[in-house]
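Residue numbers for the sequence shown follow my numbering, so the first one is 122 and each next one is one higher.
Ideal Cβ positions, reconstructed from N, Cα and C, are used throughout, including at glycine.
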Amino acid sequence: MILTGKEIKKRLEKDIIIDPYSDNRLNPNSYNLRLHNELVRYTESPLDMKKPNPSENLIIPDSGLLLQPGVLYLGRTLEYTETHNLVPMLEGRSSIGRLGMYVHVTAGFGDVGFKGFWTLEISVIQPLVIYPNVEICQIFYHTVEGEITEYKSGKYQGNKGIQTSMLYKDFENGKY
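In structure tokens, the structure reads:
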């Protein structure tokens, strides 16, 4: 089951934390999250899963920033979210998708207990000028059935900013 907007609001400061929160961004069954003014872009090609890949920070000025096709940009939400007893999910807004912008390449599925800012995996199919603070995606919440084990990853939990891939830690820890 997906929570309604009214249920999202009812669970604020209990199962759901959204900071900052505004009623203006609450939808019938989701909540719009905004794009922070920072992006990260990898600076070398090819990328290597077994090591940290160098990157650079970009700032989106109020006048806008031109994104190019074929480049992966990592962004983040302006809002911090925390979710307990529910599964948070992230989807791009249809108005953003209709401009040819993908907000997340693969990571729209959150875990019960996630705390932090959402890292957005942004790509465009044609050149597109973007702006900070735009409502870029929406978070919605699924109920869960069964015993809950909260997310406790040392890689992405409690993040403060944009995080590049930390898959290399799995190689270091002998997972692969």
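(1) With 16 as the cutoff for other CB atoms within 10 Å, does Gln259 come out buried or exposed?
(2) Taking Cβ to Cβ, would you say Leu186 is nearer than 9 Å to Val161?
(3) Under 8 Å by Cβ, that's how I've got Asn254 and Arg155 pegged, so tell me the actual separation to the nearest angstrom.
(4) What did DSSP end up calling Ile181 once you bin it into helix, strand or coil?
(5) Are there three or more Cβ pairs, one per stretch, closer than 8 Å when the region 190-210 is compared with the region 133-148?
(6) Let me know the secondary structure DSSP gives Asp136 once reduced to three states.
(7) Could you pull out every residue in the same chain whose Cβ sits closer than 7 Å to the Cβ of Pro209, ignoring the five residues on either side in sequence?
Taking the geometry as given:
(1) With 16 or more Cβ atoms within 10 Å of its Cβ, Gln259 is classed as buried.
(2) No, the pair does not count as a contact, with Cβ atoms beyond the cut-off.
(3) Confirmed, about 5 Å.
(4) The answer is coil: DSSP assigns Ile181 none of H, G, I, E or B.
(5) Under the 8 Å Cβ criterion, the region 190-210 counts as touching the region 133-148, having at least three qualifying pairs.
(6) DSSP, reduced to helix, strand and coil, places Asp136 outside both helices and strands of the structure shown, so it counts as coil.
(7) For Pro209, where only same-chain residues beyond five positions count, the Cβ hits under 7 Å are Thr202, Gly231, Phe235, Ile260 and Tyr262.
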